Amino acid sequence: MLILVAEDNPDNRNLLTRRLERQGWTVVVAEDGREAVAVCRSAKPDLVLMDVAMPNMNGLEATRALRADPATAGTKIIAVTAHAMDANRIECIEAGCDDFATKPINFPELVAKIRDHMGPLAQGEAA
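Add 15 to a position in the sequence shown, counting from 1, and you land on the number used in the working numbering.
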């Protein structure tokens, strides 16, 4: 399974990448929303972990762009943000995100969400 980690903070991006790869998943990365849209269109990941607050194009704008493109509209997207208020969660879902994870990331919880959304694809490759 291929996961795109869209995260502008290099420490967060590297930590998520290492932890996901330990699950047996392949990871590609993007440093901002524009790059996330471009990588999603070219690499065609199965799932995107989309940081909400990124430069150039934020995660919600990137999500809307992906949903508007027939080639990427069906890609699963989990928003990742430091804002845990219900209004933030609703904003992410309205933008087209399939789920929501708050920072700091509870990794076992995130893995459970990924497996829930990706079904057999995630189950089959996890170590």
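Even for Gly, the Cβ is constructed at its ideal location relative to N, Cα and C.
Note that the coordinates shown come from a computational prediction; the quantities given were computed from them, not determined experimentally.
#1: According to DSSP, is residue 26 helix, strand or coil?
#2: Are the beta-carbon atoms of residue 92 and residue 61 separated by less than 8 Å?
#3: Consult DSSP for residue 16 and reduce its assignment to one of helix, strand or coil.
#4: To test your reading of the DSSP string, which unbroken beta strand (DSSP E) runs of 3 or more residues are found completely within the stretch 60-91?
#5: Could you tell me whether the Cβ atoms of residue 48 and residue 89 are closer together than 8 Å?
#6: Please say whether residue 99 and residue 117 have beta carbons closer to each other than 8 Å?
#7: At which residues does the beta strand (DSSP E) containing residue 114 begin and terminate?
#8: Just to confirm my understanding: we take residue 23, look at its own chain, exclude 5 residues before and 5 after, and list those with CB closer than 7 Å. What are they?
#9: Taking 8 Å as the threshold (C-beta atoms), are residue 77 and residue 56 in contact?
#10: Among 38, 79, 42 and 39, which one has its Cα closest to the Cα of residue 113?
#11: Compute the beta-carbon to beta-carbon distance between residue 43 and residue 52, rounded to the nearest angstrom, for a pair I have assumed lies under 8 Å.
#12: Measure the alpha-carbon distance for residue 36 versus residue 135 and round it to whole angstroms.
Judging by the given coordinates:
#1: One-based indexing of the sequence shown puts residue 26 at position 11. It is helical.
#2: As a working note, residue 92 is residue 77 in the sequence shown. As a working note, residue 61 is residue 46 in the sequence shown. No. Outside cutoff.
#3: Position 1 of the sequence shown, counted from the start, is the residue given in the question as residue 16. The answer is coil: DSSP assigns residue 16 none of H, G, I, E or B.
#4: Listed in chain order, the beta strand (DSSP E) runs fully inside the stretch 60-91 are 62-66, counting runs of at least 3 residues.
#5: Within the sequence shown, numbered from 1, the residue matching residue 48 stands at position 33. Within the sequence shown, numbered from 1, the residue matching residue 89 stands at position 74. Taking C-beta atoms as the reference points, residue 48 and residue 89 fail to come closer than 8 Å.
#6: Locating residue 117 in the sequence shown gives position 102, where the first residue counts as 1. Locating residue 99 in the sequence shown gives position 84, where the first residue counts as 1. Between residue 117 and residue 99, the C-beta gap is smaller than 8 Å, which places the two residues in contact.
#7: Mapped onto the sequence shown, residue 114 falls at position 99. Run containing residue 114: 114-117, per the beta strand (DSSP E) assignment.
#8: Here residue 23 refers to the residue found at position 8 when the sequence shown is read from its first residue. Within its own chain, the residues whose Cβ lies closer than 7 Å to the Cβ of residue 23, once the five positions on either side in sequence are excluded, are 46, 47, 66, 69 and 70, listed in chain order.
#9: Residue mapping note: residue 56 aligns to position 41 of the sequence shown, counting from 1. Residue mapping note: residue 77 aligns to position 62 of the sequence shown, counting from 1. Annotated as distal: residue 56 and residue 77, with beta-carbon spacing of 8 Å or more.
#10: Residue 113 sits at position 98 when you count from the first residue of the sequence shown. Checking every option, the nearest Cα to that of residue 113 belongs to 79.
#11: For this step, residue 43 is matched to residue 28 along the sequence shown. For this step, residue 52 is matched to residue 37 along the sequence shown. With 8 Å as the limit, residue 43 and residue 52 do not qualify as a contact, their Cβ atoms being about 13 Å apart.
#12: Here residue 36 refers to the residue found at position 21 when the sequence shown is read from its first residue. Here residue 135 refers to the residue found at position 120 when the sequence shown is read from its first residue. Approximately 17 Å, taken between the alpha carbons.
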